[in-house]
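Asker:
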Amino acid sequence: MSKEKTKILFVCMGNICRSPTAEGAFHSQMQKYGVQDLFEIDSAGTHAYHIGEQPDSRSQVAAYKYNVDLSSQRARQVHESDFYHYDYIFAMDASNLVDLQDICPSEHQHKLALMLDNIPQNKGKGVPDPYFEGRFDDVFEMLNRASGFLLDKLVKKHKTY
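Mapped onto full-length UniProt numbering, the consecutive letters of the sequence shown carry residue numbers 1 to 161.
#1: Please report the distance separating the alpha-carbon of Leu9 from that of Phe39.
#2: Of all the options His50, Lys157, Ile119 and Gly126, which has the alpha carbon lying nearest to the alpha carbon of Phe149?
#3: Taking the alpha-carbon of Glu23 as reference, which of Val68, Lys5, Gln121 and Ser95 has the nearest alpha-carbon?
#4: What span of residues does the beta strand (DSSP E) with Leu9 cover, start to end?
#5: For the alpha helix (DSSP H) that contains Gly148, what are its first and last residues?
#6: Expressed to the nearest angstrom, what Euclidean distance is found between the alpha-carbon atoms of Met1 and Asp37?
#7: Using a 10 Å radius around the Cβ and a threshold of 16 neighbouring Cβ atoms, would you call Ile16 buried or exposed?
#8: Measuring straight from C-alpha to C-alpha, what distance separates Tyr49 and Lys3?
#9: Using 8 Å as the Cβ pair cut-off and three pairs as the minimum, do the segment 86-95 and the segment 48-66 touch?
#10: Just verifying my parser: in three-state terms, what is the DSSP assignment at Ala44?
#11: Can you pull the DSSP bridge partners for residue 190?
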């Protein structure tokens, strides 16, 4: 009997810095622990500024330092169908979360959360947007850590099915 994959969507504003980094970090964690078959992951943006573009080159450089390749990702905007398809939708900051809450059907609001809520001491905190401020390495480390906590929690949950 095969178990259905847990579907996760990572969301920031433009889908070129934080959410593709989160997707890459989570993918790396899945590979590290050999659990790729348990999950389906993707990333998207709340705005349509960068549709079809690769992640910001600075995000790619920061991720590459950790042997994570973001180059195959392309920016897309969140679609209404995402709320029905994904089991978990993680926003990178409070502004992204509010944008998602505004467009998410009421029956799927429970799927929305902040990414850093996966780190016990960081509940309610957002991932800083490195687009104008830099700190791409810090953002990768933050998201990699949150991905590790999230993966651990979901693998344990998956084993109880």
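No residue lacks a Cβ here, since even glycine has one placed at the ideal position from N, Cα and C.
Answerer: Let's see:
#1: 11 Å
#2: Ile119
#3: Val68
#4: Thr6 to Cys12
#5: Phe136 to Lys159
#6: With a pLDDT of 38 at Met1, under the threshold of 50, the modelled position of this residue cannot be trusted; read the value that follows with caution. Answer to the nearest angstrom: the Cα atoms are 14 Å apart.
#7: buried
#8: 37 Å
#9: no
#10: strand
#11: Outside the displayed span of the chain (1 to 161) sits residue 190, for which this structure offers no information.
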